[in-house]
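Report on one structure; see the data block that follows.
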Amino acid sequence: MPAKTTRQGNNSDISSIYNQGLPQLAATVEQNVKPVMTEAQHIAAQTSFSGRKAVSRGTMFLAFYLWLLSGAVMLSWIAQRTQFFPGDMAITKILQKRKNPLVRRFMLGISEIGFPKLSIPLSISFAAIFWALRFRLEAFFILLTSSSHLLNALVKRLIKRPRPTNELVTVARVINEPSFPSGHVMHYINLFGLLSYLLATNWRSGRLRNILIAICIALIAFVGPSRVYLGAHWPSDVMAGYLYGGLWFGGIMALY
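Structure below.
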C-alpha cells in the first residue's frame, strides 16, 4: 500500500508539473519564435519581390534580344539580295553635303581608332589598366570584346555585299572587303559599351568618370554616321552593325 501511495503521489506531482509548466513553456517558446517567424516572413516577402524583379528583367532582356535578332536577320536577308536599300543613297548624299574641314577631320578621327592598327593596342591598353587595378575578370572581358570581329567576318562572308563606290558616292578610303555589317560599329558597341558599364559600376560618381562615360557613348553614337560620311558603308550596313553589335554585346554581358 505505501508503494502504491508513493506511485500515486509521484504521478500527481508529474501531472501537476505538466499542467502548470507546459503552458508556461509554450508561452516562452511562442515569445521567442514569433520574432523569428516575423523576420522570416519579411525576408520571404523581400525575396519574392526580388525574384519577380529578376524575372521581369530577364523577360525584358529576352524580348529586346529577340527584337535585335529578328531585325538583324531581316536586314541580312534583304542585303543579300540588293546592293543598297531604298534610302541608303539619299541619306549618304545628305551626310556628304557637309564639306566642312572640321567635320571631315572629326569623322576621320572617330573612324580611325576602329582600324586594327589602333583598335588592338587600345583594347590591350584598357585591359592592362583594369588588370593593374586588380579588376582581372573585367580585363579579360575587355579583351573578349574583340571577338565581335569573328561574328562580323562570318556575316560578311555570308552576305558578300559590295562597298559603296566612287561612282555612287564619295569614298574617302577604298576597302577591299564586304560591306555588311559595319565592323567598326560592332567593335565600338562592344568595347566602349563595356567600358561605359564598368566605369558606371566600379567607379564612384565624379566629373572624370562622367566625362569618360560620355566619351564612350559619343564614340558609339558617332561611329555609324562617320562610316557613312566617309563612304565606307551604306546606312543599312551601319544599322546592321548596331543590331549585330548589340546581339554580341548582350551575350558578353550575360557571361559577365
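With this note's numbering, the residue at position 143 of the sequence shown is 143, and numbering never jumps.
Positions of the beta carbon are idealized from the N, C-alpha and C atoms, including for glycine.
- Within the model, the alpha-carbon separation for Thr-170 versus Val-238 is close to 17 Å.
- For Lys-117, the uninterrupted alpha helix (DSSP H) segment begins and ends at 116-132.
- In the structure shown, Gly-231 falls within a coil segment according to DSSP collapsed to helix, strand and coil.
- Assigned with DSSP and collapsed to three states, Arg-163 falls in coil, not helix or strand.
- For Phe-61, the three-state secondary structure derived from DSSP is helix.
- In terms of Cβ geometry, Arg-134 and Ala-232 do not form a close pair [threshold 8 Å].
- Taking all protein chains in view, the Cβ of Thr-82 is surrounded by fewer than 16 other Cβ atoms within 10 Å, so the residue is classified as exposed.
- Inter-residue distance for Gly-114 and His-187 is about 7 Å (C-alpha atoms, whole angstroms).
- Between Asn-202 and the set His-184, Leu-144, Ile-175 and Leu-137, the nearest pair of CA atoms involves Leu-137.
- Within the region 163-193, no alpha helix (DSSP H) run of at least 4 residues lies entirely inside it.
- For Gln-80, same chain residues with a beta-carbon under 6 Å away, outside a window of 5 residues either side, are Ile-159 in chain order.
- Contact annotation: the region 217-232 touches the region 172-182, with at least three C-beta pairs closer than 8 Å.
- Contact between the region 183-200 and the region 213-221 is established, with three or more Cβ pairs separated by less than 8 Å.
- Residues Asn-152 of the same chain have their beta carbon placed closer than 6 Å to that of Gly-183, with the five preceding and five following residues left out of the count.
- Closest option to Pro-121, judged by alpha-carbon separation, among Leu-143, Ser-205 and Phe-249: Leu-143.
- Between the region 239-247 and the region 64-77 there are three or more C-beta pairs closer than 8 Å, enough to call the two in contact.
- A distance below 8 Å separates the beta carbons of Ile-220 and Ile-189.
- In the DSSP annotation of this structure, the continuous segment of the alpha helix (DSSP H) that includes Pro-101 starts and ends at 101-112.
- Between the C-alpha atoms of Glu-112 and Leu-118 there is a straight-line separation of about 8 Å.
- For Arg-105, the closest alpha carbon among the candidates Arg-227, Ser-123 and Leu-243 is that of Arg-227.
- For Arg-81, no alpha helix (DSSP H) run applies, since DSSP gives it neither H nor E.
- By the neighbour-count criterion, in which a residue is buried when 16 or more other Cβ atoms sit within 10 angstroms of its Cβ, Ala-127 is buried.
- Taking C-alpha positions only, Val-103 is separated from Asn-166 by approximately 20 Å.
- DSSP, read as helix, strand or coil, puts Tyr-256 in coil.
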